Amino acid sequence: MQTTEDLHKLLYTEGEKQRRKVLGDVHVDKSTKKDVSDFARAGVELVTEVAWGTIWTRPGLEAKQRSLVVMSVLSALGKQTELASHVKGALNNGWTEDELKEIFMQIMLQCGMPKGMECFRTADAAIKEWRIEHGKE
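Counting with the numbering used here, you get residues 67 to 203 for the letters of the sequence shown.
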């Protein structure tokens, strides 16, 4: 019989796999090991277990669709650091740069021009970084 601790470990392991698939090894290694204090590690583990291990692994939506939802919410909330990571993840999940441009135009319309322009700048920088990381620049 599995214990609660076993279930937490399983969700964390599956979450880390999914997170690596979407955001890439470099990002996950940096955000889970290199740049995390002992204090902040509890939050990182919770995000990995719950968001990535429970939600991102559910059936019903493909990773590409989940990326759209996440980018939209992060844009509306003004969470630019997380948005940059998820723009790269969206490219990893199959969104094209032209599709992302259309997504951010819609976000601009719904969230307002100043917030939308900030999101465009964040996405543009993230796309440039992604191209370099993937040898496309």
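Glycine included, C-beta positions come from ideal geometry on N, C-alpha and C. Because the structure is a prediction, the values reported are computed rather than measured.
Same chain only: Cβ atoms within 6 Å of glycine 81, ignoring 5 sequence neighbours per side: Thr114, Glu115, Trp118 and Gly119
Spatial neighbours of threonine 38 in its chain, beta-carbon cut-off 6 Å, leaving aside the 5 residues before and after: In the structure as shown, the chain starts at 67 and stops at 203, and residue 38 therefore has no counterpart that could be examined.
Three or more C-beta pairs below 8 Å linking the segment 167 to 182 and the segment 95 to 110: no
Which listed residue (Ala150, Leu76, Glu163 and Gly178) has its alpha carbon closest to that of methionine 137: Ala150
Burial state of valine 139 (16 or more Cβ within 10 Å): exposed
Whole-angstrom distance between histidine 152 and histidine 200, CA atom to CA atom: 16 Å
Enclosing alpha helix (DSSP H) for arginine 132 [first to last residue]: 129 to 143
beta-carbon aspartate 95 near the ligand ADP non-hydrogen atom, thresh 6 Å: With respect to the ligand ADP, the structure shown offers nothing to examine, as it has no ligands at all.
Runs of alpha helix (DSSP H) wholly within the segment 92 to 116 (minimum 4 residues, chain order): 104 to 112
Arginine 86 in three-state terms, based on DSSP: helix
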